[in-house]
Every structure is written in C-alpha cells, then in structure tokens.
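Below: one structure, written as structure tokens.
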Amino acid sequence: MKKHKLLIAVGLALVLFFAGHAAQFYSIGFVSLIENKLYDTRLRLTLPNQGDERIVILDIDEKSLKEQGRWPWGRDKVAKLIDQLFDHYGVAVVGFDVVFAEADNSSGLKVLQELANNQLKSVPQFQSALAQLKPSLEYDQLLANKMQQRNIVLGYYFNGSNDTSGVLPPAIFPAATFKNHPVKMLHWEGYGANLAQLQASAASAGHFNSLTDRDGVVRRVPMIVEYGGAYYEALSLAMVRAVLGFPKLSPGYAADGNLEWLNLHFPEGVATIPVDASLSALVPYRGAKSTFTYLSVVDVLTGRTPLDALKNKIVLVGTSAPGLLDLRSTPVDEAYPGVEIHANLISGILNHTLKSSPAWVVILEVLLILLVGGVLSVILPLLSPSKVTLVSLVAWVATVAINSVFWQFAQLSIPFATGLLLIFSLFALNMSYGYFVESRTKRQITQLFGQYVPKEVVGELSERPEQVSMEGHSLEMSILFSDVRGFTTISEGLDPKELSLLMNEFLTPLSTVVYKHRGTIDKYMGDCVMAFWGAPLPDNRHAYNAIVAGLEMLQALELLQPHFNSRGWPPIKIGVGVNTGKVSVGNMGSEVRVAYTVMGDAVNLASRLEGITKEYGVGMVVGEQTKAQAPEFIYRELDLVRVKGKEQPVAIFEPIALQGQVSAVRLAQLAQFAQVLAAYRNQQWEQANAQLIELQIADPKATLYQVYLERIAYFQQHPPGVEWDGVFVFKAK
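Quick note: the sequence shown, position 442, residue 456 per this note's numbering, numbers continuous.
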C-alpha cells in the first residue's frame with residue numbers, strides 16, 4: 015500500500031474532480047457532451063418503433079402546398095378543415111402547431127369596403143350586396159365562429175426579445191405559485207400568439223417551445239414556462255388536458271421541497287407528469303420521424319381520407335415540409351418534424367412512459383461516484399494489469415447494467431457518463447503508471463532473467479516483481495546436470511567449425527526442454543548444461559519438473575541421432591543427474607562479474623550423480639530426496655553409494671517412466687532387480703548372481719547387470735566381512 019500512495023492519492027483526486035461535476039458545483043463540457051450521447055444511445059436502443067394509434071398528424075406537406083397553394087392558407091380553408099375534422103370525421107381534439115398571428119385580408123373584403131366608402135358610396139345595390147357578403151368574407155371571424163364549442167387547442171411561442179404579437183391564453187398558474195421552492199423556471203421576454211378573436215374562441219392554447227441542448231439536439235420540452243410573472247403550459251400538456259376534460263393542474267413537491275412532477279386531478283384520483291427542476295419533461299421518442307401516422311391535410315380537406323382514419327383521434331396540425339422550417343435535430347433523427355415532438359409527449363403523458371430525473375438522482379450519482387471511485391482508487395494500484403483491466407471492465411459493465419435497469423423498468427434517467435469516465439480515467443491512470451513506471455522494473459527483470467528462463471516465466475516475473483529477489487537466500491530446489499559422454503574424443507575428431515555447429519545442434523533442443531518445463535538454465539560448461547527448478551519463481555513441483563525435463567532430454571537426443579549420422583558426426587549420448595535439497599540461490603560472483611546461480615552441497619551431489627550415470631550404464635540418476643518428492647514415477651534403485659567429497663552414503667535411483675506407463679514385463683524385471691539388491695546387501699552372492707544372469711539374458715546390453723556380476727565375483731573371492739554396509743565408495747568425481 016505504501017508503495018502506491020501517490021497513485022492512490024491521484025486516483026482519489028480524480029474521484030473528487032468528477033464528483034464535483036456530478037454535484038453540479040461546476041460543469042465539465044466534454045462530460046456533458048458524452049452524457050447527452052449516452053442518453054441518445056439508450057433512447058435509440060429502447061425505442062418501441064411504433065406510433066400511438068390514438069394520435070394522428072395532419073401534415074401541411076408538399077402535396078398540400080402544391081394543391082392548395084403556399085402557406086399560410088386563407089382562414090376560410092382552415093375553417094373548412096375544422097368543419098371536416100369535427101363534423102365529418104368526428105375527431106376528439108385538434109391542436110395547431112402553427113400560429114394565426116396576423117389578420118387574414120385575402121378575401122378582398124378590405125378593398126370592397128374602400129369602394130363602398132368612396133366610389134360606390136351612393137350605389138345602394140352595391141352596399142346591399144356587400145352587407146350580405148361580409149360575414150362570409152371576414153375569414154378571421156369565420157374561423158373564430160367555427161372554433162367555438164369545439165375542442166381546439168391553439169399553439170403559440172415565446173421568444174427572448176421584447177417583441178409581442180397576438181394575445182396569450184389565460185395563465186395555467188398565477189404569479190408566486192412556486193414561491194419558496196427551488197424551481198429553475200424558464201423565463202421569456204416576448205411571445206408570438208394568436209389573434210384575440212381566435213384565442214377567445216379556442217378551448218385552450220399551449221406554447222410549442224422546446225429546449226435545445228448545446229449540441230443542438232432537442233431532448234426536453236418545458237411543460238411550464240414563466241412570462242410576466244405568470245405561468246403557461248405546453249401545447250402537448252394543453253392537448254392532454256383537453257382530451258381528458260381539462261382536469262385541474264397543480265405542482266407536485268417531494269419531501270425535500272423540490273418540484274418533481276405535475277398533478278392532474280380527476281374525481282377518481284391524481285395522475286402525475288414527471289418534470290425536472292426547470293419543469294421540463296424528457297421527450298419519450300417512439301421512433302424516427304414518421305413513426306406516428308401522418309395524413310396529408312389536403313386529403314382531409316377534400317374528403318379523400320377514410321372516415322375511420324380520424325374517428326375519435328387526437329389530431330395535431332403541423333408541417334413536415336422543409337420550406338416551412340419546422341424541422342428539429344433530435345436523438346432519433348437529424349431533421350425531425352416539430353409537430354411529431356408534441357405527438358411523442360402527448361403519447362408519453364397518456365401512457366405514463368415519461369422518463370423522470372428527480373433532484374435526488376444528483377445525490378445518488380455523487381454517492382455512487384464516491385463509493386465506486388474510492389474503492390477502485392484503492393484496489394487498482396494493488397492489482398496486475400490484467401486484473402486492473404478485468405476489474406475496470408466489470409465496474410464499467412455493472413454501471414451500464416444498473417443504469418439500464420433503472421431506465422427500462424423504473425423509467426428513471428440517471429446520468430452515468432461521469433461514472434463511466436471516472437472508471438476509464440482510473441483504469442488509464444493505473445495502466446499508464448504500470449507502463450511508464452513499472453515497465454522499467456519489468457525491463458530490468460527481463461534483462462536479468464531473459465538469459466536464464468523461458469519468456470513465459472519472464473512474463474510472470476514481470477507481473478510479480480515483488481517475488482523476485484537477487485540477494486542470496488536459502489531455498490529447497492532441484493538441480494540438474496547433463497553432460498556428453500566421451501566429449502573429448504568427439505571433439506578431437508572434428509574441426510572447430512564443425513564442433514561449434516554440433517554443440518549448437520544438441521544444446522538447443524536440450525535447452526528447449528528445460529524451458530518447456532519452466533526450468534532456469536544456470537550455465538553452459540562446454541558440453542555440460544546446468545539447470546535448476548524452484549527459482550526465481552516458486553515451483554512446488556520442482557522435483558517432478560526436473561525429472562520430466564531430464565527424461566525428455568534423453569528422448570530429444572535420441573531423435574537427433576539420424577540427423578547426426580547424416581552429417582557424418584559421431585553418435586552422442588548424455589548422462590543426466592538430478593538432486594533435490596537446500597541450496598543458496600541469488601546473484602553471486604565478484605565485483606567484476608556476477609551471475610544468478612545456485613551453490614551448496616545439493617548442487618555438488620547433482621553433479622556427482624550425473625558423473626556416475628556412465629558407471630551404471632543408465633541415462634539418468636536422481637537422489638533419494640528427489641525420488642521422495644516425485645512419487646509420480648516408477649524408479650529402479652541402482653545402489654547405495656558414497657561419492658567423493660561426502661561421508662554420508664546416499665541411495666541413487668534411475669527414473670524409468672511415469673506410473674502407468676511401464677509394461678508388466680518391465681515391472682517384473684524391476685522387481686527382480688530389487689530382489690538382487692536385497693540379496694547382494696545380505697551377501698547372498700549365489701542367489702543374487704543367479705537372478706542377475708536371468709536379467710542379463712533378457713537384456714544382454716545392460717551395463718548395470720554386468721557391474722553387479724563383477725562385484726559379486728570379486729566379493730566371492732574377497733568377502734567384505736560382517737560389518738559391510740552395502741555402500742559402494744567412488745574414489746573419483
């Protein structure tokens with residue numbers, strides 16, 4: 015932990031930095047941008063991709079403009095459209111996503127009145143005809159008359175300038191409604207509304223302003239806005255109230271005083287509309303543009319639309335024509351008709367599928383960032399790069415999964431870009447630290463051990479540098495020596511170039527075998543290879559691995575013999591000695607040169623065991639401690655010997671093969687030789703001799719049997735005496 019204090023401190027600083035953004039003490043631009051993109055992604059992945067059959071959009075499309083002329087149309091056509099919708103088709107409610115802000119003089123009534131007041135003032139017939147025509151030519155009043163007693167909701171807009179036109183509808187809430195509550199209401203300075211006579215005849219009206227985020231995308235619509243101290247509702251909310259019989263609307267406050275929803279009051283209960291602190295609602299988009307049913311206005315106006323297409327429908331009149339500039343950038347489409355945004359909101363309010371983002375979500379996000387970030391800041395510096403990656407990935411996936419559950423099943427929109435970026439930042443910090451700081455340690459380890467151990471072990475050492483010690487220390491290990499028999503004679507028959515080539519040819523496969531079984535090559539001594547197991551990385555099976563390596567070295571050399579013969583080289587045989595015991599391992603040498611090596615009595619005995627393989631005509635000899643630690647093998651006890659330099663006798667063994675890999679005939683021979691040894695040590699010369707002759711007949715080339723036959727013959731002539739312990743003493747190394 016002390017080693018990583020700086021890394022932990024930097025990680026915790028990152029946690030506090032991102033927590034400050036989540037707590038809204040300040041805003042980090044790129045985090046907000048990523049949050050918006052993640053919101054859009056969640057939205058698109060969970061789109062139902064189907065409209066709402068209760069809602070129809072009457073589109074002032076290119077077809078309508080081509081047949082009826084450019085917009086705005088005369089109010090007489092709009093009046094006729096209203097008659098068609100209510101009298102012919104029987105719709106439930108009509109909302110206009112357009113503004114009737116200016117008087118309609120397209121009927122020519124103004125010109126006729128000027129004539130009546132001037133040139134034709136004295137013509138009674140003209141005055142009488144004008145009086146009869148006037149009601150049908152006052153298009154604004156005509157439209158106002160058609161709107162009366164019908165469920166029509168007009169649209170209007172607010173703006174940031176002081177310009178005003180038309181007349182606003184009655185406010186939904188009076189001034190000071192939200193006094194003493196932390197509400198960030200959107201405030202406007204001006205508006206563009208409908209003519210007074212039209213507004214007076216409409217059942218209701220709502221603004222069609224939307225909120226555009228910094229990236230130009232519409233994700234929210236303010237349900238309530240403030241102008242002149244009073245509060246006005248959105249077009250979608252006004253239409254929902256119209257279709258539901260205009261229930262009373264009231265603000266809904268949480269226990270902490272934050273406004274989190276709007277209440278619709280019905281005799282049977284209260285329905286809620288979730289809003290944020292600015293009284294805005296997230297638009298519950300149902301799909302890309304044209305997900306809702308679109309009908310051309312001209313087809314309705316001329317009666318070409320089937321009756322059942324509009325019966326009892328909620329109708330929105332708007333435009334998708336590019337020339338009328340009512341296209342918005344949204345999470346689901348870059349050119350999305352504004353009228354369809356209102357359709358989505360109406361559907362979401364009626365279906366109760368509006369996502370909510372209450373004030374307590376901020377507290378939840380901050381707590382999660384502090385908890386998850388704090389834990390990761392402390393534990394990641396303690397892990398290897400692979401585990402850092404795994405833990406970070408798990409934290410990332412868990413964050414996404416939990417957020418998705420809240421989104422899909424609790425209708426909660428919880429920000430999570432901050433958390434994901436924090437996890438990534440902590441991951442990048444720890445990986446960068448590992449690369450720029452710890453990589454130096456790994457390079458040093460690679461330089462130190464690359465010549466001794468296989469690259470796989472070097473990789474493990476790099477991952478666990480704390481386990482590596484270059485200082486001398488005592489360990490139980492297994493040591494292997496292999497040497498070429500008769501190398502001096504072989505070398506005398508070859509020129510230096512051929513000898514060098516031969517050395518490479520047989521040392522390479524032997525070294526490969528050592529590496530394969532996770533051994534460490536200590537050194538090459540001419541034709542001798544010295545290796546050990548148990549360091550620099552711990553190896554609980556060092557005896558087993560050393561024996562397997564020794565047996566495979568013998569096999570590898572046998573496979574090389576045909577190649578040696580083809581080159582005209584003499585056959586090569588090696589002896590392998592393996593011993594296990596306590597040794598000193600580490601960097602040893604002088605001030606001039608040091609090497610990572612092992613020293614000790616067990617090392618010397620391993621060398622002696624390799625030397626005596628040729629005395630018994632076997633390929634490999636191991637000590638009794640090696641045998642004890644690797645019971646997986648079948649062994650043949652060779653002798654009880656006292657090697658040069660050691661007073662204590664040691665039992666020596668030849669590993670034959672793994673358990674289960676020895677034939678029954680071979681096992682019988684091994685058992686018979688064990689009987690020979692027992693008889694030999696009991697000085698039962700005749701019995702031992704007879705059994706040896708049987709074994710020699712089965713294997714005439716076995717040097718081991720000949721060795722014991724010669725010893726028995728000698729002892730028969732020169733009895734060793736009753737104090738003889740059966741130990742054979744080697745005078746030479």
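In this text, a Cβ means the ideal position worked out from N, Cα and C, and glycines have one as well.
Notebook entry, point to check: For R234, which three-state DSSP category applies?
Noted result: One-based indexing of the sequence shown puts residue 234 at position 220. Here R234 sits in strand by DSSP.
Check: Around the Cβ of L475, are there at least 16 other Cβ atoms within 10 angstroms (buried) or fewer (exposed)?
Finding: Stepping through the sequence shown from its first residue, residue 475 is reached at position 461. For L475, the predicted structure reports a pLDDT of 49, less than 50, and the residue's modelled location is therefore unreliable. A value from the coordinates is still provided. Result: buried.
Notebook entry, point to check: Where in the segment 165-205 do unbroken runs of the alpha helix (DSSP H), each at least 4 residues long, occur, reported from the N-terminal end onward?
Noted result: none
Next item on the list: In the DSSP assignment, find the alpha helix (DSSP H) that holds W583 and state where it starts and stops.
Entry: For the purposes of this step, residue 583 is taken as the residue at position 569 of the sequence shown. Looking at the DSSP string, W583 is not in any alpha helix (DSSP H), and its letter there is neither H nor E.
Next item on the list: Excluding the 5 residues preceding and the 5 following L706 in the sequence, name in chain order all residues of the same chain whose CB lies nearer than 8 Å to its CB.
Entry: Here the question's residue 706 lines up with position 692 in the sequence shown. Counting only Cβ-Cβ distances below 8 Å, and skipping sequence neighbours, we find V690, Y719, Y722, L723 and I726.
Check: Anyone know if the C-beta pair for L628 and R499 falls short of 8 Å?
Finding: If you number the sequence shown from 1, residue 628 lands on position 614. If you number the sequence shown from 1, residue 499 lands on position 485. The residue asked about is misnamed: residue 628 is Lys in this sequence, not Leu. Result yes, Cβ atoms of K628 and R499 sit closer than 8 Å.
Check: Hey, is the segment 189-206 in contact with the segment 284-294, meaning 3+ C-beta pairs nearer than 8 Å?
Finding: yes
Check: Are there 16 or more other CB atoms within 10 angstroms of the CB of E81, so buried, or fewer, so exposed?
Finding: The residue labelled residue 81 in the question sits at position 67 within the sequence shown. Looking at its Cβ environment, which holds fewer than 16 other Cβ atoms inside 10 Å, E81 is exposed.
Next item on the list: Could you pull out every residue in the same chain whose Cβ sits closer than 7 Å to the Cβ of F100, ignoring the five residues on either side in sequence?
Entry: Here residue 100 corresponds to residue number 86 of the sequence shown, with the count starting at 1. R164.
Notebook entry, point to check: Under the rule that 16 or more other beta-carbon atoms within 10 Å means buried, what is Q730, buried or exposed?
Noted result: Here residue 730 corresponds to residue number 716 of the sequence shown, with the count starting at 1. With fewer than 16 Cβ atoms within 10 Å of its Cβ, Q730 is classed as exposed.
Notebook entry, point to check: Based on the DSSP secondary-structure assignment, which residues constitute the bridge partners of K262?
Noted result: Translated into positions along the sequence shown, residue 262 becomes position 248. H279, per the DSSP bridge assignment.
Margin query: Do L157 and G180 count as a contact pair if the criterion is CB distance below 8 Å?
Written below: Translated into the one-based positions of the sequence shown, residue 180 becomes position 166. Translated into the one-based positions of the sequence shown, residue 157 becomes position 143. No, they are not a contact pair.
Item checked: Same chain only: Cβ atoms within 6 Å of M613, ignoring 5 sequence neighbours per side -> Here residue 613 corresponds to residue number 599 of the sequence shown, with the count starting at 1. Contacts found: S598.
Next item on the list: Tell me, please, whether the segment 226-240 touches the segment 46-57 by the rule of three or more beta-carbon pairs shorter than 8 Å.
Entry: yes
Next item on the list: Would you please state the rounded distance, in angstroms, between the beta carbons of L440 and L28? I believe it to be under 8 Å.
Entry: Within the sequence shown, the letter at position 426 stands for residue 440. Within the sequence shown, the letter at position 14 stands for residue 28. Confirmed, Cβ separation roughly 6 Å.
Item checked: CB contact flag (H556, M491, <8 Å) -> Numbered from 1 along the sequence shown, position 542 holds the residue referred to as residue 556. Numbered from 1 along the sequence shown, position 477 holds the residue referred to as residue 491. Yes, the pair counts as a contact, with Cβ atoms nearer than the cut-off.
Notebook entry, point to check: Are the segment 238-251 and the segment 316-326 touching, with three or more C-beta to C-beta distances below 8 Å?
Noted result: no
Margin query: Please give me, in chain order, every unbroken run of the beta strand (DSSP E) with length at least 3 that falls completely inside the segment 593-637.
Written below: 608-613 and 634-637
Note to self: Could you check whether the Cβ of L324 sits closer than 7 Å to any heavy atom belonging to the ligand SAH?
What the structure shows: Absence of the ligand SAH is noted for the structure shown, with no ligands found whatsoever.
Notebook entry, point to check: Cα separation between E348 and R342?
Noted result: Here residue 348 refers to the residue found at position 334 when the sequence shown is read from its first residue. Here residue 342 refers to the residue found at position 328 when the sequence shown is read from its first residue. Taking the straight line from one Cα to the other gives about 7 Å.
Item checked: Residues of its chain near L285, where Cβ-Cβ distance is below 6 Å and the 5 sequence neighbours each way are ignored -> What you label residue 285 is simply residue 271 of the sequence shown in a count that begins at 1. Rather than Leu, the amino acid found at residue 285 in this sequence is Ala. Contacts found: L278.
Next item on the list: Determine, using beta carbons only, whether Q710 and A702 come nearer to each other than 8 Å.
Entry: On the sequence shown, residue 710 is found 696 positions in, with the first residue counted as 1. On the sequence shown, residue 702 is found 688 positions in, with the first residue counted as 1. No; because the gap between Cβ atoms is not below 8 Å, this pair is not in contact.
Checklist line | Extent of the continuous alpha helix (DSSP H) to which S46 belongs | finding: In the sequence shown, counting from the first residue as 1, residue 46 sits at position 32. That run of the alpha helix (DSSP H) goes G43 to L59.
Margin query: Assuming contact is defined by CB atoms lying nearer than 8 Å, are V380 and A36 in contact in what I supplied?
Written below: The sequence position of residue 380 within the sequence shown is 366, counting from 1. The sequence position of residue 36 within the sequence shown is 22, counting from 1. Yes.
Item checked: Classification of Q481 by the beta-carbon crowding that lies within 10 angstroms, buried from 16 upward -> Here residue 481 refers to the residue found at position 467 when the sequence shown is read from its first residue. Annotation note: pLDDT 49 at Q481 (below 50); position unreliable, coordinate value reported separately. It counts as exposed.
Next item on the list: Could you check what DSSP says for N696 in three-state terms: helix, strand or coil?
Entry: Here residue 696 refers to the residue found at position 682 when the sequence shown is read from its first residue. Three-state DSSP puts N696 in coil, outside helix and strand.
Check: According to DSSP, is A557 helix, strand or coil?
Finding: Here residue 557 corresponds to residue number 543 of the sequence shown, with the count starting at 1. Three-state DSSP puts A557 in a helix.
Item checked: Euclidean distance between Cα positions of P714 and A693 -> On the sequence shown, position 700 is the one that residue 714 refers to. On the sequence shown, position 679 is the one that residue 693 refers to. Distance between the alpha carbons of P714 and A693 is about 21 Å.
Note to self: Can you tell me which residues form a DSSP beta bridge with N208?
What the structure shows: As a first step, residue 208 is located in the sequence shown; it is residue number 194 there, counting from the start. For N208, which the question treats as bridged, DSSP gives the partners V181.
Checklist line | Reduced DSSP category for W410 - H, G, I as helix; E, B as strand; rest coil | finding: Against the sequence shown, residue 410 aligns to sequence position 396. Three-state DSSP puts W410 in a helix.
Next item on the list: Report the rounded CA-to-CA distance for H221 versus Y170, giving the unit in angstroms.
Entry: As a working note, residue 221 is residue 207 in the sequence shown. As a working note, residue 170 is residue 156 in the sequence shown. Rounded to the nearest angstrom, the two C-alpha atoms are 5 Å apart.
Notebook entry, point to check: From which residue to which residue does the beta strand (DSSP E) around V107 run?
Noted result: Here residue 107 corresponds to residue number 93 of the sequence shown, with the count starting at 1. Segment V107 to F110, the beta strand (DSSP E) holding V107.
Notebook entry, point to check: What residues match up with Y538 in a beta bridge as DSSP calls it?
Noted result: Here residue 538 refers to the residue found at position 524 of the sequence shown. DSSP output for Y538 lists V543 as bridge partner(s).
Notebook entry, point to check: Hey, how far is the Cα of A117 from the Cα of T191?
Noted result: Stepping through the sequence shown from its first residue, residue 117 is reached at position 103. Stepping through the sequence shown from its first residue, residue 191 is reached at position 177. If I take the Cα positions, the gap works out to 35 Å.
Notebook entry, point to check: Would you say the segment 366-383 touches the segment 327-336, given that touching needs at least three Cβ pairs under 8 Å?
Noted result: no
Notebook entry, point to check: Can you give the beta carbon distance from A244 to P188, rounded, assuming they're within the 8 Å contact cut?
Noted result: Here the question's residue 244 lines up with position 230 in the sequence shown. Here the question's residue 188 lines up with position 174 in the sequence shown. Right, the Cβ-Cβ distance comes to about 6 Å (below 8 Å), so this counts as a contact.
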